[in-house]
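Below is one structure, written out as structure tokens, with a few remarks after it.
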Amino acid sequence: MAKSKVFGGCYPALVTPMGDGDGLTNPVNQEAMNKLIDYVLKGGVDGILVAGCTGHATSMTWDEQVALMKNCLDHVSGKTKVIAGDGSNCTREAIDAAKKIEDLGITTHLQISPYQNKPMQEGLYQHYAQIASKVDGDIIVYNVPGRTAKNIDAETTIRLAKEFSNIVAVKEASGDMEQIKKIIAGTQDLDFSVVSGDDNLNLEIIKAGGTGGISVAANVDPGRTCDVVRLAREGKFEEARAVDAKLKELYRVLFMETNPQPTHYALRKIGIPVGVARLPLIDVTDGAKKEIDKVLLDLRLTR
231 MAKSKVFGGC
241 YPALVTPMGD
251 GDGLTNPVNQ
261 EAMNKLIDYV
271 LKGGVDGILV
281 AGCTGHATSM
291 TWDEQVALMK
301 NCLDHVSGKT
311 KVIAGDGSNC
321 TREAIDAAKK
331 IEDLGITTHL
341 QISPYQNKPM
351 QEGLYQHYAQ
361 IASKVDGDII
371 VYNVPGRTAK
381 NIDAETTIRL
391 AKEFSNIVAV
401 KEASGDMEQI
411 KKIIAGTQDL
421 DFSVVSGDDN
431 LNLEIIKAGG
441 TGGISVAANV
451 DPGRTCDVVR
461 LAREGKFEEA
471 RAVDAKLKEL
481 YRVLFMETNP
491 QPTHYALRKI
501 GIPVGVARLP
511 LIDVTDGAKK
521 EIDKVLLDLR
531 LTR
């Protein structure tokens with residue numbers, strides 16, 4: 231059974247619903263966001279992440295992000311934990327944003343590693359060290375080299391976990407199980423969590439000692455995605471594997487084109503009007519729609 235750590239469970243990385251428009255300034259659709267939140271809460275999630283990569287935060291202004299997070303916090307009204315995706319490739323901006331969001335009452339921050347800058351490991355360490363020393367809340371380090379073009383090495387993550395008590399977790403989306411196991415081993419005596427950032431590795435990471443997942447699939451099928459995480463955390467790996475097997479095709483189609491384009495389409499198909507993401511993201515192709523339609527039908531999420 232996974233250890234009880236600071237952070238664990240199943241958290242959907244929510245898409246940000248958009249209203250109609252020209253793809254440039256489509257307004258955030260808070261009514262649809264509230265409907266999505268209610269849907270995932272009914273599915274049994276342990277909390278929500280707002281304005282992460284799946285929420286295409288880089289296509290919103292900071293004012294829009296702060297307003298979105300405030301509205302989501304008001305809507306959940308204490309019923310679940312809200313995590314803010316408030317990172318930036320500018321260290322100063324990441325700190326300023328986290329402070330603004332803490333003023334709203336959100337005290338857990340998912341901080342993506344700096345994208346585009348491609349810092350050395352010492353630069354990555356200094357980036358997170360500055361944030362941790364200037365922000366009061368809890369920080370989840372987000373390692374996603376597929377978006378940032380730079381991996382956070384296990385040694386850097388372990389160093390941060392040992393030196394800063396408010397760096398409470400890492401969301402690992404490197405896909406490198408050897409690295410993930412090294413982080414788990416190096417932080418096992420700390421109050422620090424390793425969570426999955428890849429749905430197809432949720433089960434494997436929890437089995438290795440991780441504590442949960444921040445999930446794209448939980449937008450679309452929160453019930454079964456949460457079942458995988460819960461059963462694995464309870465040590466019921468065969469039961470978890472049986473549920474996980476049913477979701478493999480969902481994991482695949484949600485990333486067959488750039489995330490979150492397929493998730494926007496899938497949610498529209500199941501009745502949540504999240505619209506199309508802002509440019510430079512677009513709607514999925516007709517071929518992708520056909521594959522997603524089949525998966526949703528097979529999972530009985532649509533008829």
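In terms of the numbering used here, the sequence shown opens at residue 231 and continues consecutively.
Ideal placement from N, C-alpha and C gives every residue a C-beta, glycine not left out.
For residue i, I'd like the list of residues in its chain whose CB is within less than 7 Å of its CB, leaving aside the five on either flank, ordered along the chain.
i	result
K392	L420
N381	N373, P375, S404
I414	V424, A438, G439, G440
R377	C283, Y345
DSSP three-state call for residue i: helix, strand or coil?
i	result
H339	strand
L484	coil
K233	Summary for K233: the model assigns pLDDT 39, below 50, so the residue's position carries little reliability; its value from the coordinates is reported in the next sentence. Note: K233 maps to coil in three-state DSSP.
I382	coil
M263	helix
C302	helix
P510	coil
M407	helix
D451	coil
N430	helix
Q491	helix
Residue i: buried (16+ other C-beta within 10 angstroms of its C-beta) or exposed?
i	result
Q341	buried
M407	exposed
G317	buried
P344	buried
T387	buried
K348	exposed
Q295	buried
T255	exposed
A379	exposed
P452	buried
R533	exposed
G285	buried
A475	exposed
G335	exposed
Is the separation between the beta-carbon of residue i and that of residue j shorter than 8 Å?
i	j	result
N489	V446	yes
A281	I502	no
L298	T246	yes
I361	I325	yes
M290	A507	no
N444	Y269	In the sequence on display, residue 444 carries Ile and not Asn. Contact flag unset, no.
N319	Q346	yes
V424	V400	yes
L433	A470	yes
N449	L511	no
Per DSSP, residue i forms a beta bridge with which residues?
i	result
P242	S445
E399	A quick correction: the sequence has Ala, not Glu, at residue 399. Note: A399 sits in a beta bridge opposite I370, S423.
K348	Its beta-bridge partners do not exist; DSSP assigns none.
M248	V258
L279	A243, I313
Kindly list the residues whose CB is nearer than 6 Å to the CB of residue i, restricted to its own chain and excluding five residues on each side of it in sequence; keep chain order.
i	result
Q260	N301
T411	Note on identity: in this sequence residue 411 is Lys, with Thr being the wrong assignment. Correct list, in chain order: A438.
N430	Y481
K311	G277
A328	D316, H339, V365
Residues in its own chain within less than 8 Å of residue i by CB, not counting five upstream and five downstream?
i	result
P492	V483, L484, F485, M486, V514, A518, I522
V473	R454, D457, V458, L461
F467	L433, K437, L461
D250	N256, G505
K309	L271
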